[in-house]
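> Attaching a single structure in structure tokens format; questions to follow.
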Amino acid sequence: MDVSSVDAGLFDCLQINLAVLASHYHGAATPYRLGAELHFNPRSRQNSLPTVEPSLGQQLEAADERLGLASIQRVDTASAHEALGSDVPVYLITDAAYLPWLPYYRQKHVEHSFLLEPAGDGVWIIDGYRNETIWGPAEPCRFKRDRSAVVDLIRTLPDLSAIWFEPRPLPAPPPLSFEMSRQSLRSYLSTYAEHPDRETALDRFSLEIWLLHRSRRLHTRYRCEFRGDVSPAVRTHLQEWSKMVARVYLAYRRVAQGRPEPPGLFTAVGNLLGEDGSVFVPESPVSDGTDVHAGVRATVATVLGLPEQLVEQGELTNLPAFSSLRMIEIVERLERVFAVEFPPGSLLPEKLVRVDDLCELVRDARRQAV
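Each residue of the sequence shown is one higher than the last, beginning at 1 in UniProt numbering.
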């Protein structure tokens, strides 16, 4: 199993080793499907601050739906016998503070994943995670240990969960999707801004911003893989997210040292999150008539999650990603992008399955609006 096949800097500590498995079973481009959806949907946690980090259940659902990895068995509080009792790779989750190859070892308690792969009389320990920390870097690694050494390691791990996956046929590439609730955003930011323990709040918030930054980089990589391009606006926006990661972490360090919290932090984060929509899902109408074909092609490719060149090769009905629901989504998005409303009588199914016909539909709607 090759950890170098995955761009490790795009994934969180649970995603990354699902990505390594997906690359192993389905090819190097597969892991980036986890970036198809860019949704801001914080979840509440009992006696804790809200988080944008997906739950384990959500991670497993995404692995099944997007990566062709179906979880077939899960054992919580797994023993060494259970974790090493199979001849296929096993995905494990535990506390990073007990994993000696990580900089978090004996430093910080945080949930982490890794893989074990049988290797004759030994076991491969595999971890694709990459990150810079104040205790040093975490780097992707793959190393072999005697079975007895792995048993000894597992016996030290608290709350070890073991999950086995079965590769399934890879589904069609998921369409690009963006969703944000302004109400959720306001509630999320105010909870952190008003929390009485500022050090605890900013410590967690620095992780939240790190997760948000990585998810936007992953979404951009998926766009690049399946659309073939990244706009200058997206690149600039990602640079602003990178700066925000540093700004929030600096604020946490200042407060941890007993110094005043820098003002305006949560307003700046809110503004940056608000810009996501205009960058990743541009809704401004296309005004130049010469842009119709390019705009239609890009819209269809976005909805279907395919490279633009593929959507022009014959009828859309020949593409596995196309369906009646996708057809409706294409029509509705074209109306938003071009600021037109298609007459009901023009929406004939046979006229909605070719890019050229959709272009003519847009042009007709524009002429009638004049």
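Yeah, the Cβ is synthetic: ideal placement off N, Cα and C, and Gly gets one too.
1. Quick one: measure Cβ to Cβ for P137 and P89, integer angstroms, because I've assumed they're closer than 8 Å.
2. Across the stretch 245-252 and the stretch 51-64, are there enough close Cβ pairs to call them in contact, namely three or more that are closer than 8 Å?
3. Is D127 helix, strand or coil by DSSP?
4. Could you check whether the stretch 314-332 touches the stretch 345-365, counting it as contact only if at least three pairs of C-beta atoms, one from each stretch, sit closer than 8 Å?
5. Pull the bridge partners of P137 from the DSSP assignment, please.
6. What are the start and end residues of each continuous alpha helix (DSSP H) run of 4 or more residues lying completely inside the UniProt domain "Carrier" (287-366), in chain order?
7. Check K144 in the structure and name its three-state DSSP category.
8. Tell me the DSSP bridge mates of G122?
9. For the 8 Å Cβ check, are there 3 or more pairs between the stretch 59-78 and the stretch 18-30?
10. From the DSSP output, in three-state form, read off D152 for me.
11. With distances taken Cα to Cα, identify the nearest neighbour of D76 among R142, E225 and A162.
12. Can you check whether the CB of K144 is closer than 7 Å to the CB of W164?
13. Measure the CB-CB distance between P42 and S184 and report whether it falls below 7 Å.
14. Can you tell me whether DSSP reads D95 as helix, strand or coil?
15. Straight-line CA distance for V337 to V300?
16. Please classify S206: is it buried, with 16 or more other beta-carbons within 10 angstroms of its beta-carbon, or exposed?
17. Of the choices P196, V230, P173 and Q239, whose alpha-carbon is the least far from that of H213?
18. Report yes or no: do three or more beta-carbon pairs, one from the stretch 291-298 and one from the stretch 252-262, lie closer than 8 Å?
19. Can the beta-carbon of L10 be found less than 7 Å from the beta-carbon of R142?
20. Quick check: the Cα distance between V234 and A149, rounded to an integer number of angstroms?
21. Who pairs with R45 in a beta bridge, going by DSSP?
22. For the alpha helix (DSSP H) containing V20, list its first residue and its last residue.
23. Is it buried or exposed for S284, if we count other Cβ within 10 angstroms and need 16 for buried?
24. Starting from the C-beta of L272, find all residues in its chain whose C-beta is less than 7 Å away, skip the five residues before and the five after it, and write them out in chain order.
25. Can you tell me where the alpha helix (DSSP H) with F280 in it begins and where it stops?
26. Strictly by DSSP, which residues pair up with F205?
27. Are the stretch 360-367 and the stretch 338-347 in contact at 8 Å, needing three or more beta carbon pairs?
28. Which one of E139, Y249, G345 and G85 has the shortest CA to CA distance from I126?
29. Buried or exposed: E166, going by 16 or more other Cβ atoms within 10 Å of its Cβ?
30. Please classify Q309: is it buried, with 16 or more other beta-carbons within 10 angstroms of its beta-carbon, or exposed?
Let me spell this out:
1. With 8 Å as the limit, P137 and P89 do not qualify as a contact, their Cβ atoms being about 25 Å apart.
2. no
3. strand
4. yes
5. E132
6. 292-304 and 324-338
7. strand
8. A119 and D146
9. yes
10. helix
11. A162
12. no
13. yes
14. strand
15. 11 Å
16. buried
17. Q239
18. no
19. no
20. 46 Å
21. S48
22. Q15 to H26
23. Its pLDDT being 44, under 50, S284 is placed unreliably by the model, and nothing is read from it.
24. E240, W241 and M244
25. L265 to F280
26. Paired residues: none, contrary to the question.
27. yes
28. E139
29. exposed
30. exposed
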